[in-house]
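First comes the structure, then the notes that go with it.
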Amino acid sequence: MNQSTQEWRRELDQVRTQGRDPAPDQDQGLDLERDVQLFTALLGEVLREHSRKRVLVIVERLRDGFMQLRDQEDADLREKLMKRIDAMDAPTLAEVIRAFTIFFGLVNTAEELNAHLARRDRVHAGERLWFGSFDDTVRRFHADGVPAQMFQDLLNHLVYLPVFTAHPTESKRRTTSDAFRRIFLIAHGLHRQRLNEEERMEQLQAILTEIQILWKTDEVRVHKPQVTDEVRQGLHYFRESLFKAVPETYRNLERAIRRTYGPASGLTVPSFIQFGSWIGGDRDGNPFVKPETTALAVRLHHQLVLEEYLRRVTALRRVLSHSIPLCQPSPAFMDSLDADEDYRLVTMGQGPRRFANEPYRRKLDIMGHRLAANLERVCARIRGEHHEVLPGGYAGDREFLADLYLIRDSLIHHHDGNAAAGPLQDLIRLTESFGFHLVHLDCRQESTRHTQAVTELFARQPGAPYYEAFDEDQRLMALAESITHPHPFIIDKATLTPETRETLEVFEVMARLTAEIGPGCFGQYVISMTHAASHVMEAMLLARLAGLAGRDRQGWFCNIQISPLFETIEDLGHIDAVMSALFDHPTYSALLKASGNRQEVMLGYSDSCKDGGILCASWNLYEAQRKVIALADRRQVSCRIFHGRGGTIGRGGGPTHEAILAQPADTVHGQIKFTEQGEVLSYRYANPETARYELTMGISGLIKASRCLIEPPPEDRKDYLGIMDELARLGEEGYRRLVRETDGFLDYFYECTPLDAIALLNIGSRPSHRKQGDRALSSIRAIPWVFGWGQSRTTLPAWFSVGQAIERWRGTDPQRLAKLQRMYQEWPYFRALLSNTQMSLFKAEMHIAREYLRLAQDQRRAQVIYGLIEAEYERTCTQVLNVVGLCGLMEDTPELAHSLARRNIYLDPLNHIQVAVLARYRREADEAQQEEWLDPLLRSINAIAAGMRNTG
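For the sequence shown, the positions run 1 to 952 when full-length UniProt numbering is used.
Next up, the structure:
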């Protein structure tokens, strides 16, 4: 911020007139730095004109001072900087923090923009594209001799299914996201458009204006979001980004295949991209998700996708103006128009003259009316009205798709296939991917809620057995008998407890909305904390009572799919026993076959890591996948793993492409489903350019990992598996020794992280603890657990005990080190594990974490615990670098390392500010004074999360 905006404007003008060199890698860094400097200067100008007195000076001095400390420790300078922070009042500190927050947002925007521009430069240069691109992926298959038909077989099995969740980790408001999107677009124009001097100055002024608006927009939510707010936030990504990115992704894959295999290969790309959601369906630990919330979420999904289809149909009607005298539509299309006549005359009230000679316009006009009828109907139900507002409409998405296919095939029939290949094909792709449901809404509930409901239902039947006293075999027998019985229970809802009544109503809502919108509106019913096969059968019985499953005169039927979720280390160890009991149970097996013989099993990355540490959790998850897929294969059941990943490494996060490739061999059978949580949604899907890239990287990883469908996969090396068994055991021992056996460790966590403030941050509807006031490790949710450690720059869940496990296993034996190095080079799982560990270690800053010790009540004990953490940090850095063969963390990913380092110059002062504000907030006895310091405290959490690009 030291250089004037005018100087950067002149330099930017010079860069723009020189143009961009096609060799992207080197120039990308140059352009990125110039964009960061430009945005920084413009922010400085806004602060100079619109902030409190001297805020800009304070920001610069804190930044420069902590930069000096990073280069060389200076106790006097550190004390001087902390005195400066302590001397500031709450409003001034809030503005300083806000300046840092906007800076991080601008850096993120500049990086995202320049990454996109670099990719476009490579495309325009006509060279081979980046690793993970469709171009590179298809070329590799072709070079390996995979014939077109085998590649087609692989494509036909693909399902790519990200699931959006509303876990409380997105600290950025949509309002600010929209502003950064506008800055992205303006800056994109500066790079790509040929502008004269006056036009360039206007664009720079536009960016300045957006930054000024950001400065005067509160980035912290005033109110805690309701579940319906979270649903609408999730819909935002489809409206603003994914409706554009999804068809483009398909088109790019088609281009790559055509370029490599040739048009004559006949290869086609089926529509395999789907999306899921938990927002409005995840009620585990969230008391605000009611049955009516779930119904509203499904209807909002339906409403949005209909609005998009109606908009596109209206646009197509303006374009497809073909006239009968000049073209001859296909007989099938003309027959459909004849069949539509009654609808047009009676329902629409149109005479025969409208679009008389323009058949496609006539057809699209009728289609638009039908969509409008569907849309008005769902809007009325959202408003609470249930009368028929507009007659007509489609019975379902298949009818709509059939009309689109008729138009496409007819255009091809009279040699206008090029007119069918643009917006019409995009609409077909969207409809094939999103249907009338937009997303498959998963519902989730904790297993004990089902047990309580079933126990109560049994207890209210005359002469019924005491279900709660049964052992597992007895429970399974009683449940199976009830599921097959034509009238299992006499239920008077008015006499049930509110909890049981609500549990039953969820299944009733699923049945009602499925009939209203279609079978795609719901995905899985997920049971968290699944410990036994009876937990799944209990949910199946409740579904039976709602008419979703059972047996009638035609035989077994099942219109619900239940996914058991295994989360803790203990549960992962029991997965084979539980799933074997289910697969071998005759009633469950019959229901499974009736639902398509497909079983989904969800694995929880978050709680397993909190329970046993990253190394133990990662390996137990790997082994659990191998076990359950092998079990399903032996019983000829199609099984898909649902990966419950978080945004951060400590919750299973990391680059999607590498994560998919790291799955066990022969377990990704063309399908991948995983959660996308919190801040990950905005980073990956807020801009269509980035969404297209993220979809590409994930899908290309899926294609590579699914090669087992067309050729025998390489088997995991048994020696590698044995080594990981031992490393996981050692890692779990080390982790539990610290977290569960070290006196005062949880007190250290609560006192030396801002966990108490995180719980007050209005970033999600879900509570931070399962049981409020319970400070036990089992009560803390995985998200605030990871969030708190990240804020204090410890990032402990993502790396702790990796170092001691490696050190203890290898000892001083050089051959063992060599073995680990080969594992890193040859085994994608181990490589991804250590790469993610590197990133987490790089984000950690032990000298910053040490500053949080001043918040501890027992300083002696806190120093001891910190010493254990710091020693393990140093040990893990040493051992990981030895294995990966580097001298410094992330040397093999310099761009990412530079990106993280770029943020440190502002993160350092922010962390010190947070420590000071936390101390003031906690020691204030007066509630009004405490509230005054809460504002800058919450802002500091937002700012650090934005800088680290991680929350929970």
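Positions of the beta carbon are idealized from the N, C-alpha and C atoms, including for glycine.
Just so you know, these numbers come straight off a predicted model, no measurement behind them.
Flag this pair as yes or no: are the beta carbons of residue i and residue j separated by less than 8 Å?
i, j, result
"His-414", "Pro-488", "no"
"Ala-691", "Tyr-683", "no"
"Pro-162", "Phe-238", "no"
"Gly-518", "Gly-596", "no"
"Trp-556", "Ala-590", "yes"
"His-236", "Leu-438", "no"
"Leu-441", "Gly-281", "yes"
"Pro-291", "Val-506", "yes"
"Ala-919", "Leu-855", "yes"
"Ala-617", "Pro-828", "no"
"Ala-453", "Leu-390", "no"
"Leu-411", "Thr-431", "no"
"Ala-577", "Ile-560", "no"
"Ile-660", "Ala-624", "no"
"Leu-345", "Leu-424", "no"
"Leu-427", "Arg-361", "no"
"Arg-444", "Arg-283", "yes"
"Ile-207", "Ala-187", "yes"
"Pro-936", "Ala-90", "yes"
"Leu-727", "Ile-806", "yes"
Please report the distance separating the alpha-carbon of residue i from that of residue j.
i, j, result
"Ile-407", "Thr-249", "23 Å"
"residue 1024", "Ala-395", "In the structure displayed, the chain extends from 1 to 952; residue 1024 sits before or after that span and is not available."
"Asp-747", "Asn-836", "28 Å"
"Glu-341", "Ala-356", "12 Å"
"Pro-797", "Trp-789", "8 Å"
"Ser-447", "Ala-871", "40 Å"
"Asp-76", "Ser-840", "30 Å"
"Ile-641", "Ile-527", "14 Å"
"Val-123", "Arg-194", "20 Å"
"Thr-294", "Ser-433", "22 Å"
"Phe-184", "Thr-209", "13 Å"
"Lys-216", "Phe-100", "14 Å"
"Leu-621", "Ser-563", "16 Å"
"Leu-938", "Asn-911", "12 Å"
"Leu-62", "Leu-907", "11 Å"
"Ala-782", "Ala-372", "44 Å"
"Pro-655", "Pro-263", "33 Å"
"residue 983", "Ala-943", "Examination of residue 983 is not possible in this model, given that the chain is present from 1 through 952 alone."
"Met-67", "Ala-901", "11 Å"
"Ser-241", "Tyr-309", "15 Å"
"Leu-253", "Glu-127", "16 Å"
"Glu-307", "Leu-401", "16 Å"
"Ala-539", "Gly-523", "15 Å"
"Glu-397", "Thr-794", "For clarity, residue 397 is Asp in the given sequence; the question names Glu instead. Cα to Cα, the separation comes out at about 50 Å."
"Glu-468", "Leu-479", "12 Å"
"Asp-365", "Glu-385", "27 Å"
"Ala-125", "Cys-639", "42 Å"
"Glu-891", "Thr-260", "34 Å"
List the DSSP bridge partners of residue i.
i, result
"Ile-97", "Answer is none; Ile-97 lacks a bridge partner."
"Arg-598", "Ser-638"
"Asp-282", "Arg-444"
"Tyr-160", "Ile-273, Ile-672"
"Trp-556", "Arg-551"
"Gly-604", "Gly-644"
"Thr-165", "Gln-677"
"Pro-564", "Ile-527"
Can you find a CB in chain D that lies within less than 8 Å of the CB of residue i?
i, result
"Ser-706", "Any reference to chain D falls outside this structure, which holds one protein chain only."
Please confirm if the stretch 230 to 244 is in contact with the stretch 109 to 128, defined as three or more CB-CB distances below 8 Å between the two stretches.
no
With three or more beta-carbon pairs closer than 8 Å as the criterion, would you say the stretch 703 to 722 touches the stretch 142 to 154?
yes
Threshold first: 4 residues or longer. Then list the alpha helix (DSSP H) segments lying entirely within the stretch 688 to 729, N to C.
688 to 705
Touch check for the stretch 416 to 427 and the stretch 286 to 301: three-plus C-beta pairs under 8 Å?
no
Along the chain, which unbroken stretches of the alpha helix (DSSP H) at least 4 residues long are found entirely within the stretch 371 to 419?
397 to 413
Runs of alpha helix (DSSP H) lying entirely within the stretch 488 to 532, each at least 4 residues, in chain order
498 to 517
Taking 8 Å as the cut-off, does the stretch 739 to 746 touch the stretch 687 to 705 (at least 3 CB pairs, one atom from each stretch)?
no
Write down every uninterrupted run of the alpha helix (DSSP H) in the stretch 188 to 218 whose length is 4 residues or greater and which is fully enclosed by it, in chain order.
197 to 215
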